[in-house]
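When we follow this note's numbering, the leftmost residue of the sequence shown carries the number -18, and every step to the right adds one. We put the CB at the ideal spot given by N, CA and C, even for glycine.
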Amino acid sequence: MGATPGEARLPTSGLPGTKVVVTLPSHGDEPDAPEGYWTYRRIAADLRAAARETGATRAVGVSLTAGALLALLAGEPDAFERVALLLPAVLDEPRRLLGREEAIAAVGGPPDYQAERRRAFARLDGALTELPGQVAVTDRAALAQVTAPVLVIGATDDPLHPEDVAKQVAAAFPNGRLELVPSWLTHRGDVRGWLVDFLRG
């Protein structure tokens, strides 16, 4: 899942096997999110339901859904055989409130990408308002029960997804692996290569 359809598809492009892309409310062509939807636990429940329905054994989360997968794994450590978390923004300390324009512009990118993000974020004011102040897990120690391999990919030049959070997330898992790039927009080949190798394992 990503803010734009392209961001949602990027992690799964080129991967083998059946792929199910979960599109959350207020994203893509989905209806607007109902009031009170934006909590990591609520999103985690939607992801778990989709995984059960499709028989998914591996999961990839980007940004918001990386946080939701953390919430899911804290409550159900054996939910997946392998998990990849791209650009986690929060673990057990809340992130700060972000304005819409700050969230759009912070990651950079060419004008057409910025325009696509602007269109996507026009429907995400609820998420931008409600998610700051929340945490993905109340105690990172719960993630020590996850025995599955977990790949965490962070960015060093992305203020929306701090490098330190990615490092903390990877360290919380017994079998966590951390990879860092300056930006996933400029290093898509590296990100895709890591994902393909990891999810095939």
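| Inside the region 8 to 32 only - beta strand (DSSP E) runs reaching at least 3 residues | With a minimum length of 3 residues, no continuous beta strand (DSSP E) run stays inside the region 8 to 32.
| query | Three or more C-beta pairs closer than 8 Å, one from the region 128 to 142 and one from the region 159 to 167: is that the case here? | reply | With a cut-off of 8 Å, the region 159 to 167 and the region 128 to 142 count as touching, because enough Cβ pairs lie within range.
| CA-CA distance, residue 112 and residue 21? | One C-alpha to the other measures close to 8 Å.
| Whole-angstrom C-beta distance between residue 180 and residue 63, which should lie under 8 Å | Between residue 63 and residue 180 the beta-carbon gap is near 6 Å, inside 8 Å, which marks them as a contact.
| query | Of the residues 182, 27, 175 and 101, which one's Cα is nearest the Cα of residue 10? | reply | When the alpha-carbon of residue 10 is set against those of 182, 27, 175 and 101, the nearest one is in 101.
| request: In the DSSP assignment, find the alpha helix (DSSP H) that holds residue 152 and state where it starts and stops. | output: Counting along the chain, the alpha helix (DSSP H) containing residue 152 begins and ends at 144 to 153.
| Exposed unless 16 or more other CB atoms sit within 10 angstroms - verdict on residue 46 | Classification of residue 46: buried, given that the 10 Å Cβ count is 16 or more.
| request: Output the distance between the C-alpha atoms of residue -4 and residue 178, rounded to the nearest integer angstrom. | output: Taking the Cα positions, residue -4 is about 9 Å away from residue 178.
| query | Do the CB positions of residue 65 and residue 49 come within less than 8 Å of each other? | reply | Taking 8 Å as the Cβ cut-off, residue 65 and residue 49 do not qualify as a contacting pair.
| Checking contacts by CB at 8 Å: is residue 49 closer than that to chain B? | Absent from the structure: chain B. Only one protein chain is present.
| said: Assuming residue 152 and residue 161 are in contact, meaning their beta carbons sit under 8 Å apart, how far apart are those beta carbons, in whole angstroms? | reply: Incorrect: roughly 13 Å between the Cβ atoms, too far for contact.
| Status (buried if at least 16 other CB within 10 Å, exposed otherwise) for residue 1 | So residue 1 counts as exposed.
| query | Between residue 176 and residue 154, is the Cβ-Cβ spacing less than 8 Å? | reply | When the beta-carbon positions are compared, residue 176 and residue 154 stay at least 8 Å from each other.
| query | In terms of DSSP beta bridges, what is residue 136 paired with? | reply | DSSP output for residue 136 lists 162 as bridge partner(s).
| Which term fits residue 174, buried or exposed, when burial requires 16 or more other beta carbons within 10 angstroms of its beta carbon? | Residue 174 comes out exposed.
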